[in-house]
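For the sequence shown, the working numbering assigns the number 1 to the initial residue and increments by one for each residue that follows.
Right, one structure below, let's go through it.
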Amino acid sequence: DRDRDRDRDRDRDRDRDRDRDRDRDRDRPRGGPRGGRDKISLHVRGYDRESTSQDDVRTAFEKFGVILDVYMPLDYHTREPRGFCYVQFESRDEADRARQEMDRSDGLGAASLAVMWAAGSRKSSDEMRERDRPAGGG
């Protein structure tokens, strides 16, 4: 009975947190070329994921403008870089200039770097865990 009560309490807390996060994010503008001012991010891939750091990415892109964040997702299970990142700019014009000049370039030691507008919003660790879970598993 104690285990069942603990599980019920944990589920209730998780649901409450999810509802609070959903309510908080409902009116927040999204990124991309038509999104809100606070989420102007580029999706970058094609660099060597084992030798490229967040600082390397920041240095390569900050010549185009003010960088608010560089996010390099890690694989949930291995904790290794997944091989792509997001660069968040303060200005849409600066982000667009970076996208145009860095896409298909040899920046960050890549043979051909791919730089595009980020689609959607940043995923939480719980969302990534669900996404990476094998199908049909329990």
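A virtual CB, placed ideally from N, CA and C, is assigned to each residue, including glycine.
Subject >> Close beta carbons around arginine 82, own chain, < 6 Å, minus the five adjacent residues each side >> reply: Stepping through the sequence shown from its first residue, residue 82 is reached at position 82. So the qualifying residues of the chain are Pro73, Asp75.
Subject >> Spatial neighbours of aspartate 56 in its chain, beta-carbon cut-off 7 Å, leaving aside the 5 residues before and after >> reply: In the sequence shown, residue 56 corresponds to position 56, counting from 1. Cβ neighbours of aspartate 56 beyond the five flanking positions: Leu108.
**OP:** Output yes or no for whether 8 Å exceeds the beta carbon distance between valine 87 and serine 41.
**Re:** Here residue 87 is taken as the residue at index 87 of the sequence shown, counted from 1. Here residue 41 is taken as the residue at index 41 of the sequence shown, counted from 1. The answer is yes: Cβ separation under 8 Å.
Original post:
First and last residue of the alpha helix (DSSP H) that includes alanine 95?
Top reply: The residue labelled residue 95 in the question sits at position 95 within the sequence shown. Per DSSP, alanine 95 belongs to the alpha helix (DSSP H) from 92-102.
Subject >> N- and C-terminal bounds of the alpha helix (DSSP H) containing arginine 58 >> reply: Numbered from 1 along the sequence shown, position 58 holds the residue referred to as residue 58. It spans 54-61 - the alpha helix (DSSP H) in which arginine 58 sits, taken as one unbroken run.
**OP:** Label lysine 39 either buried or exposed according to how many other C-beta atoms from any shown protein chain fall within 10 Å of its C-beta, with 16 as the threshold for buried.
**Re:** As a working note, residue 39 is residue 39 in the sequence shown. Buried, because 16 or more other Cβ atoms sit within 10 Å of the Cβ of lysine 39.
Original post:
If you draw a straight line from the alpha carbon of serine 91 to that of alanine 118, how long is it in whole angstroms?
Top reply: The sequence position of residue 91 within the sequence shown is 91, counting from 1. The sequence position of residue 118 within the sequence shown is 118, counting from 1. If you take the alpha carbons of serine 91 and alanine 118, they lie about 14 Å apart.
Original post:
Which whole-angstrom value is the C-beta distance of phenylalanine 64 and alanine 98, which I expect to be below 8 Å?
Top reply: As a first step, residue 64 is located in the sequence shown; it is residue number 64 there, counting from the start. As a first step, residue 98 is located in the sequence shown; it is residue number 98 there, counting from the start. The pair is a contact, with the Cβ atoms about 4 Å apart (cut-off 8 Å).
Original post:
What residues in its chain sit with their C-beta under 8 Å from that of aspartate 93, if we drop five residues either side in the sequence?
Top reply: Looking up residue 93 in the sequence shown gives position 93. Counting only Cβ-Cβ distances below 8 Å, and skipping sequence neighbours, we find Gly65.
Original post:
Terminal residues of the continuous beta strand (DSSP E) containing aspartate 1?
Top reply: Mapped onto the sequence shown, residue 1 falls at position 1. Note, aspartate 1: premise wrong, no beta strand (DSSP E); not H, not E.
Original post:
So what does DSSP say about leucine 68, is it helix, strand or coil?
Top reply: In the sequence shown, the residue the question calls residue 68 occupies position 68. Of the three classes helix, strand and coil, the one that applies to leucine 68 here is strand, per DSSP.
Subject >> Those residues which DSSP pairs with leucine 74 across a bridge >> reply: Indexing the sequence shown from 1 puts residue 74 at position 74. Its beta-bridge partners are Pro81.
Original post:
When the Cα of phenylalanine 84 is compared with those of Asp7, Thr52, Asp1, which residue comes out closest?
Top reply: The residue labelled residue 84 in the question sits at position 84 within the sequence shown. Phenylalanine 84 has its Cα closest to that of Thr52, out of Asp7, Thr52, Asp1.
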